[in-house]
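Structure representation (structure tokens):
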């Protein structure tokens, strides 16, 4: 049951509404001073399949088809993002949040451009 004053939105509504807000994708996917592409991820482990659920200013929501124990979900997250971005697994790494649901994943800019990352993850 939702808390008072909170409005529950389905994933489709979240994705649809956030696509039209300026800066949402830019705040979830950004570049560091040294040129690394960073993606803020809101991990949801224990799902039936790995899938990107939504994009918000807080990050890219990703359901992960692995339990959150012994680093299994982190490994699956890196594997899934590498597959989704069509880059080698070694080009994607977990930078922050190994024990948190809020994570930062880095992508090697030599493998893919920032614009391509934003395009692929916003589909």
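In my numbering, the protein residues as written are 4 to 126. Just so you know, even glycine gets a beta-carbon here, dropped at the ideal spot from N, CA and C. None of these values were measured; they are calculated from a predicted model.
### Query
DSSP three-state call for residue 46: helix, strand or coil?
strand
### Cα-Cα separation between residue 112 and residue 44, rounded to whole angstroms
18 Å
### Task
Go through its chain and collect everything with a Cβ distance to residue 66's Cβ below 6 Å, but skip five positions before and after it.
47, 50, 54, 56
### Task
Note the first and the last residue of the continuous beta strand (DSSP E) segment covering residue 99.
95-99
### Query
When DSSP builds the beta bridges, which residues end up paired with residue 106?
44
#### Entry: Length of the line joining the Cα atoms of residue 115 and residue 86
12 Å
### Task
Kindly indicate which residue of 88, 77, 108 has the alpha-carbon position closest to the one of residue 39.
108
### Task
Quick one: using the 10 Å Cβ neighbour count with 16 as the cut-off for buried, is residue 79 buried or exposed?
buried
### Query
To which residues does DSSP link residue 59 through a beta bridge?
62
### Task
Return the Cβ separation of residue 34 and residue 41 in integer angstroms, given the expectation that the two are a contact with Cβ distance under 8 Å.
7 Å
### Query
Where residue 121 and residue 58 are concerned, what is the direct C-alpha to C-alpha distance, given to the nearest angstrom?
10 Å
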